[in-house]
Each structure stands twice: as structure tokens, then as C-alpha cells.
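Residue numbers (the numbering used here), protein chains in the order written: chain L, 1 to 895; chain Y, 1001 to 1238; chain X, 2001 to 2195.
We put the CB at the ideal spot given by N, CA and C, even for glycine.
Report on the structure given below.
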Amino acid sequence: MKLPFLGSWRTALRIARRGMIRAKGRSALVVAMIAVPVCGLGYAAASYDMFTLTPAEQATRVMGQADAIVRPIRSDPIVQDAIGEYWQPVVEREDDFLATGVTEEQMLALLPDGTRLVPFRENTLNLLTATGGLVEAEMTELDLADPIHRGRAELLDGRAPTAPGEVAMSRAARERYGDTVRTPDGSRVWTAVGTVEFPADLGERLVVAPGGLPVPPGLNVWLADTPDPVLWSGVRDLNSSGVMVTSRAVLIDPPDPSEVPVQGGTGENTTLSLVPVVVGLAVLEIVLLAGPAFAVGARRRQRSLALVAANGGTRAHLRRIVLADGLLLGLAGAVIGLVIAVLLAALGRPLAEELLVGARAGGYRFDPPMLTGIVVLAMVTGLLAAAVPAFTAARADVVTALTGRRGVVRSKRRWVLAGLALAACGAAIAVLGVRTVEVQLIVVGLAVVQIGLVLCTPALVGLVARLGAMLPAAPRIALRDTARNRASAAPAIAAVMAAVAGTVAIGVYLTSTVDRNRNDHQQLLPMGYVAVNFGLGSDTYTARTPELARAALGAALPGAGLTEVSETVCRYDRTSTGCQLVPVRTAAQTCPGDEHPPATPAEVDALTADPRCAGSRIGSGLAYPVFISMIGGRDTVAAVTGASGSVLDEAAAVLDRGGVVVRDPFLIDDGLVTVAVSDPENATERTLTAPGYLLDPATHPGGNILSAALAEKAGFDVVVTGLVAATTAEPPTRTVDGLNAALAAAGTRSPVVESGPVGDENPLLYVLAAASALITLGAAAVATGLAAADGRADLSTLAAIGASPGIRRLLSISQAGVIAGLGSLLGVTAGVGSGFAVLAATNLSRTAEWPPPSPYPLSVPWLNLLSILIVPVVAMLGAGLLTRARLPIERRRPT
Amino acid sequence: MTVLEFRDVHRTHGDGESAVHALRGVHLTVRPGELVAVMGPSGSGKSTLLNLAGGLDLPSHGEVLVEGVALDTLSHRGLAEVRRRTIGYVFQDFNLLPSLTAVENVALPLELDGTGIREARRAALSALGDIGIADLARRFPDEMSGGQQQRVAIARALVGDRRLVLADEPTGALDSQTGELVLRVLRDRVDAGAAGLLVTHEARHAGWADRVIFLRDGSIVDTSGPLASVTDLLEPTP
Amino acid sequence: MSIRNSLLALLERGPMHGYQLRAAFEASVGGTWSLNIGQVYTTLSRLERDELVAALPENDEGQRPYEITARGRTELNQWFATPIDRADRPRDELAIKLALAMTTPGVDLASVVQTQRVAGIRALQEYTRLKVSGGGDPDDPSWLLVLEAMIFQTEAEIRWLDFCEATILRKRTVPVPKTDAPVAARQTGPKVAGA
């Protein structure tokens, strides 16, 4: 009583606590609404924490037990950054030379006495996968038995490779390559003897014994075990000898930035980071998810609140009671969510390591300040979400509440206008954010759009309700209920909207990535076709190779029509394919950016809009053509491009006339194609012109095909260099594997199977999409559950006046359908908008470079949207199943 | 022909030590044109009796028959059908669906029974007209007074060919004048041939009944039938 | 109920003879109270003695109408203006009866109460029926007023019975010795609740 303020808060908290206990179901739902997103955030935070390494851990990952990594770079002094990744010479010189071939003795001379040097070398090389594909893999050459590598590379089982034909592989590599690894030409073969793991990289790694790397890199690298830690001064000393150093001591205790002459990474990374967008939208989702819980709660408690008012409670008291609700439930939700999150993060760590991060976590640890931050965030969110209902409840008419009438909320025109204005405003902000590549602006914009949409929901609901006058009873009641109980329906719809929007936004990104891959994919052959290049002139090529290859293809793909493909060869050396005929664009048809890189954003924009530059993009799907300088006629066109009918006839006719069949419209100028004659022995530039025929590149794969007449004109011979097998479907992996082996034996290059664009392989996004879909379902269930709790009395009434169990179930289903359906509709709108905004910003942010990466297409994730349909359906099913079909036996009131 | 019949009806809630015997061996018949009032103190089983009569609850023992059909032999669907075709239920707190207009509320049982929406509305409108509140048809429940809502609720309970009207303290939430109005509507309906069962704790409302039964601890302890003539009541002033 | 004042009130409408007065009286109380014609004439002669009414000449059928005098009008106005004092009304026989039953050994109090209640309900049923069937003059609602008064009184009595049964009578454990006098204090009060 001495502290009236605290006293009334205490009363409010007590009332809130009692209320929670009395309405267990509702409280549980509210807690769940808060716990679900908190769990997501908490999981992310805890995982981030576990995967963020301490400097000492980082050092061990990089250099094992060594004190430093030393890399001789140049013979003249250099300067470097603190972590030994970026360097530049002290004096820029024209004769830019690298310090190749520095020996161990030379290196030791620069280091203190008693230093032990352990060499390791890494290089990337092409290897054949178990399924016969060609993959660029990272191979490391080191002595796994040396304890100095502990913490950097660990031998999990088996033994360290010692002989030249032995390899230790990571688990991922083993899955990909099998027990035997070979180079594409079959010249080198390794057999797995052990499993190795690089904690920093759980991807495909291979370790061979010292001296086993087929193609050694130019620069040598050593791990150095020095008697004393290598301090920053020591690093600077070595720099003056042209050696770059990564020192454990420096990593753990980095020098003051002022002492570091150069900073790594020139800070020109303009690629948009999606992290703030994701976090920002996640927070928005929490608020929108928790909102309906409190709104419904406050409404349901209107009577008890009115009683408090009737007993002399001020509006402040009422506000406090509802806010105390928010505080307690927010706290409960946050704590529960966090506990689940931490458990998930800890138990799911191995999965996360392998699927999501691809590296081992530093350890089991949780950052209390960050987790506390999340709890505080959830509580503030709870308070915020409770605030609106709190003020509404405090303003509610006591008499109306006491008589138990449901207040009618007519949607006020100004709210709708405000909502529309906010949505428009938010869109403008988001667009501005996109234009200026300001992540914060985008997030704020998207948030404002969503809040605007939320404000519009009641009006939308009202609109929809008007449409339902002649519907059967159950859906009509559901629509009217939603329309007349806007105070609780709107937040529930908003919650579903928020969750769906998140899922859809992720879906937009995923779809766009897949579409981009597809756009970037350069199809070499018709789908499923198999081509093999004999590898004319290579070491493995023998006179019998074509014959063996034909037999191998015929055996592996019975029934597939085989077509011989010819290429130009030099007349003076019929094994050299260096003599080529290459159709080229005339100067006027060339993308100006190729010759003169753009200097200003305006120029970049101009180039981006230039159709001639459409091909000048850095894509993700680069592929080397199987045949370069193809000479052929009708058969070749059919086999390589899949053309048929009149198109094939016309193409064949052009070739017969000595022409060229091309796929790039800009190669043809006034009906003629310019063909560059390339001869390694003759540097003079010669060109020929010939009539051109354009195949639509969208429907026809393959490359350019020239007529034999042109080869004759250029003075080149033509020989058969490969085969194309016209399959009816993509051959299965097993067939391809067998073919691989047979063709390797025949001495050809490995076969190329056209299997279309590869899917996006980033599992993180799929996990995110799955989690988001789950949250969406949960949110829809909880939101509709809360809204349906309101309608329970109506269900009893319906039962009493003779509605069959089916009708009652139909009402619940309709209620869920209205809320989940409207929410999904808005969510799809907001999600597609958000996704497009982010994609557009990403595209724009990358156009500063030239040639730019290929843009993300703004594609609508139809499949994803279809799966969003599941949300209302599942919500409806759930509501249907959970509706008590039995009669409400419980008394309406004590007799 | 009896419309409603209770045959040795027992209803026990819970079991063992905590069992509550709401009704013990109730026999009761209600005929067409008869309004029976049920009186008794709190906890005597009045509401249980009504719930059983309305098919909202089933007896633990004995039978409740509506138009000769034992309710416990019916499926949920069948029970629901009886509730919407034969029985009209009037609650103390009206229990109109707040999201439907008066006419829609009244039309609801017909609609649930498969009548077309337009036809059901026409019937509902005439039912509202019968009790003189046709002008309220387009109002929503929260736009009406308690008495108006209860009359709509009665219209809902009477629409169609209902043979049994059950009323659970229908005037409890109303002032006496409005309550009178509501009972008059009920009485008229019964006089027109329906059977009525009215649970009330107010003697003046029981006065509208043809027969009053008194419940105590789940049993019928007394029945007041109709009197021969009014003069029996006239006592000379002392 | 004062018949004297009732007749004065009826004569205020205009001159009436004895039979007319009786019919008018019964109509205004809705037939719930029948009046003996002898009672009418006795009362009229007392009123004439007190100069509150005056007899008019006999008519052709030999009936003598009476009319109200100025003095009678004053008396009537005074009657309407004065509330009826509860103390003036006769002692409540039912209260006395219950009080006695409570203290008399061997009496089943519950059945006394129930019998009385059933009687009350019956009365209510009848009154209600009268009310619904419109027993009195539809143009003269005064009979309804009397009827309602009786309904309210009966209802009050039943509520009083309910109340007594639920509270006071249940406490009875030991009959009071026979010598004890009935407690007069219990007879008033409950009836007030009917108003």
C-alpha cells in the first residue's frame, strides 16, 4: 500500500496469473504463438554461437598444432593483413614475379633456430565421380600421420595414405567418388585407405601422401612449428623477405589496426546480405503471431475486465492487467521457446554441421547475453502485442461488456485508408531500398507494407462477408463471425499472413534460383542424349578408339541411333583440332561492354538493357561444348540440336549451300555469318562469310554447325571426332557408369549426358522453407484455434437447435477456412512482393560489376503457392477433426 | 398421444463416491396442448430434465421418448434431426447466433433441415410476424433488446412444425413485463396444439402452465393439476 | 378491502341501484370476488345514514338508485389519497399456522408447506387463465389490476414459502414445548416482498 504503483502492478500480475491458470487452453495457445518464432530465433542464435569460433579454435582449424603458416610469395618485401590472406608488394613493379620454387632450406633460414617445417600443398583437379560425372575437387597433399595436423585434418578411421596410389577421403567425398578415385583420362587412380575430416570443411576433401599431388601448385606452403610464438613483429620481419604469414599468436591477439598496413577485402562487396532481411521479417512475424493471441484473450476477458472497472478500476488498471498478461505469457513463451531452441540446437548439431554449415561447430556453448536479448525481445513483443488490446479493452464500454453483448466493430473508413496508405508507403520505401540497395530500408518498407495490409484486413473481411449472404448456413455464419469479430479475426488473419509471407518469400527466392540455373544452363544436346568426343590427339587416343567407342555406346544404349560428328582438323596434322572455324559477331553486333568495360552505373544500365549483351553474364551453369568446330549436314543438325521437320529441312538446305547453322541471332548479319578461321600455325586473321540459318536457341541446344564447303575453303580437313547417341530418355546412372568405364577403356574423353539444369543444392534454403512451412501451419492452426474458441458458444447453440454433428464440423471448418484462406491470400501477396523486392535489390546490387552475374528472374513459385493452399486445407481439416461432434453435455450455467 | 414421455429416468453425473444423482426415477408425460412447468430449488434437476427432453443429454437409466421414439436409440445425426424438426428450444440467455440477423436465426433450423434459403426465410419472416416482431427481421441480436431477442429465440423454437417446445427459464433475463409477453407467446403456441415444458423458478410463470411438477433432489415430489373452477380459490375476507 | 369505499367509487361513475352496483363491482375485480346482494344493501344503508350517498326516487321496476353526495366524494378522495396501513389488515393466518406447525410435535412441516405451495400455484394457474381468457370487461382494465394484485400476493406467498423452507424451517431440530406461545413476530414481513 505504501507503493500504490507497484501494488497495482502486483494485483495486475496476480489477476493475469490466475487468468492464465484458469484458461489453460488459451494460455497454452498464446504461449505457443510466442514460443514458435522465439524457438526459431533462439535456434538460429544458439547455432550461430556454436558455429562462431573463438580465435584459438579458428587458428587450430587453419594450422592444426602449428604456430604459423608461412608462404613465400615474392623475393621482394610485401605487406599483409593480420590473418595472412591478403598481401600486396611494397613496391609495385612491372615484372610481377612470384617466388616459386622456394626450398625448405631457404625457408628455414628465415625462421628462428629449432623451427620445424611441415609442407602441405593443395590444388584443385578434375575427378570422376562414382556416377561418372566430372567434378572439380580439392586435393591436399600432407602427411596425416604427423600430429601437427591435429585439429586441422583428422584421420577418423583407416590409415594415412603413404603410397602414391592411396587417398584418404572425407565422408562426403567418399559418397561422391566411391572407394576409387580416378582422373578423367584414367591416368591416375587412387584407392581409399582412410577417412579424413577437415572440421572447417565437411565437404568433399581428398588427402594424398606427400608428393602424391598430380599437379603441384607453383607456390610452396609450410606449417611452421617454431620455438616461440610468431608475434606481429615477427610477421612483419618475414614480410620483408616476401613471405606471407598466418600466425596463431596474431590470430589470438590481433595487432592494433593502425599497425596493419593493409586490410584484407577491399570492402567492395556490394552483394546484398539477406541476413538482416530475414531477421527483420522474423521479428515482424513474432509480433504478428503474438498479436492475435492477446487480442482474442483480451476480448474473452472483456467481462472480467469490465467487472474490475465496475469495482473502481481505472483504465490504467485495466491496461495493466492486459499488459501483465502479455508480460507473463511473453515470458513463458520466450522461456519455453528458448529451452526448445537450445535443446534443438544442441541435439541437432551433427545434422546442422553436415547439412547446413558444412563445418564442425566450435563446441556446445550458448551466449547468455544473446539469449537474454531474445527473451527480452519476446517479452517486449508480448507487451507490444498486448498493448493494442490493452488500450481497446480499457476503452471498452463497461455496460456493454457486462451485459455480454459482443461489441460490433464497424471497420472505420480511416483505418482502411490508413492501411492502404501505409501499404503504398511501405512499398515505396521498399522500392527506394531496392534502388539504393539499403537493406534497412527494404526491411522497414516490407514491415510497413505488412502492417498496412493488416490494417486493411477488417475491411477486406467485411467485403468478403457481404458476398456470403446466400451461402449455406455454416459458411455464412463463419464469414459473418469473421466480419463481426474483426477485433480477433484481423490479428489471426495477420498472423497467418505473416507466416505465409515468410514461406512464400523463401519460395520466391528458391524458385528464382532454380530458374536462374535453368536460364544459365547451356544445354549441349537434346535432353538425355549422350555424346562422346574421341579425344583426338590425346595420349589415350588410338586408332581403335572410334570403333571401341561406337561398340561401347551401342552396348550401353541399345536402340539409340548413333550419329558420327565431324570436326575440322589441321591439314598438316590430322590429330590436331586446333584448326577451327568459329562464327563470330561483327563489330556492330558485339556487346560494347566486352571491349570497353563500363565505368559508370548508367553505362552498366545501358549495357544491361542491350540485347547484344544478354549473353555477357556470369552464370552458374558454364559448360564446355563437346564439339567445337562441327562440320556436318542434316544428320548432325538432327543429332546435336534435336531439330526436326521444316526447321531441319531448312537448316540442312543452308548447310548444303555451304552455309552455317547458328543459335545466336547476333551472329547473322544480313543473312550472312562471319566465320573466323583459327589456325595455331598461322597467326594471320582470316574470316569467311557464308549464309546463316538461325535455330531458336530457346528450343534448340547444341552449337554451331558448319558446312564441309567452308572447311574446304579454309583449307582444313574434316575427320570424325565423336558420336552422338539419340536416346529416348536420360540413361540411368548405372548405365552411365558402365559407359564411363567402357569409354575410358576405349580411350575417349568421358561421355557427356545432357541431364538438364542442376537443382539448387543449398540445403539451408530447403530447411528454411520446411521450417517456415511448419511455422505457417502451426500459426494457422493456433490462430484459427483461438478464433474458433470464440465460436464455441455458437456451436453449442447450433447443437441445441438441431444442427447435426456434420454441420457443426462444417462451421468450424468454414471458420478456419475463412481465416486461414484470407491470411494465405494476403500472405502470398506480401510474400511474393517481399521476395521480388529482395531479388530486385540483389540483382541491382550486382550490376556494379561488368560483366554482371546473371540476374535472378522474378519468378512466381507456383509450386510453392500450391503448397500454400495446404495451409487453409490443413487448418480446416484440423478444425474439423477437433470440433467436438458429441453434444455439449456441460452446463451452460449452474442450475 | 403423448409428445414427451419420461419413463423411470435416472441421470447420474460421474460415478463412485463423487456421483451426483441429478434425476432419480422420473416419470412424466406431456400431451399436445399441454404446458407443463417444472419447479424446484437449485440443484433439484430441472435443467437436467430439460436437457434430457431436448436430446442434449441421454439418461443413465430409463427412457426419454419424443413422439414415441426413445431418444437413446437414435444416432447423433438422428438426435440432431429430432432437435431441429420436432423440438423447439428456448434458452434463458437467448443464444441467438450473433452473426446472423433475426430472420436468419429463425430460418436456421429450417435451413439445417434442408429447406431452401429463400423458402426458409419466408417461413421465418412469417414466424416473426406471428409474434409481432416482423419489423426486427433485419436486425442483428446485439441491435435488439433482451425481450426482442427472446421473442426471436421463441420464433426460432416455433418455426416449422414443432410439436414440443422446451423453455429453460425463458424469462430469467427479462423484466416481468417482457417476460409476460414471452410466456403469452409460448402459451398461444401450446394452445395451438404443441406440447410445452417450461423450467422456471418463478411461481408466477408456473402459473401459465396447465400442470406444475415439483422436483426435489431429482425426484418429482408433487404435481399441481388444473382446478375445477376459479371459485375454489375465492376465500371470504376474514 | 373496504366494500364501503368500493361502492362509493362505483357511484362516482353515476347513480346506480343495488344490483347494478354488485355487477359493476364484480366486473371491476374480474369475478375474483363475489358480493352478496344483502351486503350491498346493508352497506348502502350505512352510507345513506352517514350522508355519503343519497337515495333517488324508485324507478318503474321498483328499484331505488343511489347517488354519491358531496360529502361522500370527499370521503372517497380521502380514501384514495391515504395508503393502506399494513397494521390495519388482518393478521396473516398462514404465518401463524406455520409458526404453530413448526413448534407442534408430529406435524410434517414440509408437507404443510408443499400443500400450501401447491394451493398457491393452483391459484396462480387460475388467475393466469382468467387473465389470458379475458374474464372481465375488456374496455375496463381495472379488473386486471385486481387480478395482478392477487397474482403478486400469491407469488409473494409462494416465494415466502420457498424461502422459509430453504432457510428457517430446515433449522428446526427440536419441537418447542407445547406451552410455548406462537411467535407473533413471524407473521409480518414476508408479504412485503410481493409488492
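Beta-carbon neighbours of residue i, restricted to chain Y and to distances below 9 Å
i	result
residue 2159 (chain X)	1202 and 1203
Contacts that residue i makes with chain Y (C-beta to C-beta distance below 8 Å)
i	result
residue 2114 (chain X)	1214, 1221 and 1222
residue 2166 (chain X)	1041
Contact list for residue i against chain X, beta-carbon separation under 7 Å
i	result
residue 1206 (chain Y)	2121 and 2124
residue 1194 (chain Y)	Residues of chain X passing the Cβ test: none, with the nearest at roughly 16 Å.
residue 1209 (chain Y)	2125
Cβ pair residue i, residue j closer than 8 Å
i	j	result
residue 585 (chain L)	residue 667 (chain L)	yes
residue 721 (chain L)	residue 533 (chain L)	yes
residue 1101 (chain Y)	residue 1137 (chain Y)	yes
residue 511 (chain L)	residue 565 (chain L)	no
residue 1220 (chain Y)	residue 1026 (chain Y)	yes
residue 220 (chain L)	residue 112 (chain L)	no
residue 1077 (chain Y)	residue 804 (chain L)	yes
residue 322 (chain L)	residue 833 (chain L)	no
residue 531 (chain L)	residue 660 (chain L)	no
residue 489 (chain L)	residue 465 (chain L)	no
Partners in chain L for residue i, counting only beta-carbon separations shorter than 9 Å
i	result
residue 1054 (chain Y)	800
residue 1081 (chain Y)	802 and 804
residue 1156 (chain Y)	801
residue 1151 (chain Y)	The contacting residues do not exist; residue 1151 (chain Y) stays about 16 Å from chain L at best.
residue 1084 (chain Y)	801, 802, 803 and 804
Range covered by the beta strand (DSSP E) that runs through residue i
i	result
residue 2127 (chain X)	That residue, residue 2127 (chain X), is in no beta strand (DSSP E); its alpha helix (DSSP H) goes 2109 to 2133.
residue 628 (chain L)	No beta strand (DSSP E) holds residue 628 (chain L); DSSP gives it neither H nor E.
residue 244 (chain L)	243 to 247
residue 197 (chain L)	189 to 197
Limits of the unbroken alpha helix (DSSP H) element including residue i
i	result
residue 1151 (chain Y)	1146 to 1158
residue 239 (chain L)	232 to 240
residue 1105 (chain Y)	1102 to 1112
residue 120 (chain L)	Element bounds for residue 120 (chain L): n/a, residue is neither H nor E.
residue 1214 (chain Y)	No alpha helix (DSSP H) holds residue 1214 (chain Y); the beta strand (DSSP E) holding it covers 1211 to 1216.
residue 475 (chain L)	473 to 484
residue 896 (chain L)	Limits of chain L in this structure are 1 at one end and 895 at the other, which puts residue 896 (chain L) out of reach.
residue 1006 (chain Y)	Element bounds for residue 1006 (chain Y): not the alpha helix (DSSP H) but the beta strand (DSSP E), 1004 to 1013.
residue 2159 (chain X)	2142 to 2166
Neighbour list for residue i in chain X, Cβ cutoff strictly below 9 Å
i	result
residue 1124 (chain Y)	Within chain X, no residue comes near residue 1124 (chain Y); the closest Cβ sits about 26 Å away, beyond 9 Å.
Chain Y contact residues for residue i, given Cβ-Cβ distances below 7 Å
i	result
residue 473 (chain L)	1108, 1111 and 1112
residue 2128 (chain X)	1207 and 1208
residue 477 (chain L)	1097, 1099 and 1100
8 Å Cβ cut-off: residues of chain L touching residue i
i	result
residue 1162 (chain Y)	Ordered by position in chain L, no residue passes the 8 Å Cβ test against residue 1162 (chain Y), which lies about 10 Å from the chain.
Residue i: CB within 7 Å of a non-hydrogen atom of the ligand GDP
i	result
residue 152 (chain L)	By its list of ligands, the structure shown contains no ligand whatsoever, and the ligand GDP lies outside what it can speak to.
(request) Taking a Cβ distance cut-off of 8 Å, strictly less, list which residues of the stretch 1167 to 1188 of chain Y are near chain X, in chain order. (result) 1184 and 1187
(request) Counting only runs of 3+ residues fully inside the stretch 568 to 601 of chain L, write out the beta strand (DSSP E) ranges in chain order. (result) 580 to 584
(request) With a floor of 3 residues, list each beta strand (DSSP E) that falls wholly inside the stretch 1050 to 1084 of chain Y, ordered by position along the chain. (result) 1061 to 1066
(message) So if I threshold CB-CB distances at 8 Å, which residues from the stretch 1001 to 1023 of chain Y count as touching chain L?
(response) none
(request) Anything in the stretch 1098 to 1119 of chain Y with a Cβ closer than 7 Å to a Cβ of chain L? List those residues in chain order, please. (result) 1098, 1099, 1100, 1108, 1109, 1111, 1112 and 1117
(message) What ranges does the alpha helix (DSSP H) occupy inside the stretch 718 to 765 of chain L, keeping only unbroken runs of at least 4 residues that lie completely in it?
(response) 733 to 746
(message) Counting only Cβ-Cβ distances shorter than 8 Å, please list the residues of the stretch 1058 to 1082 of chain Y near chain L, keeping chain order.
(response) 1076, 1077, 1079, 1080, 1081 and 1082
(message) At a CB distance below 8 Å, what residues from the stretch 1130 to 1149 of chain Y approach chain X? Give them in sequence order.
(response) none
(message) At a CB distance below 8 Å, what residues from the stretch 2056 to 2068 of chain X approach chain Y? Give them in sequence order.
(response) none
(request) Could you run through the stretch 806 to 836 of chain L and flag, in chain order, every residue whose CB is less than 7 Å away from some CB of chain Y? (result) 807
(message) Beta carbons nearer than 7 Å to chain Y: which residues of the stretch 31 to 50 of chain L have them?
(response) none
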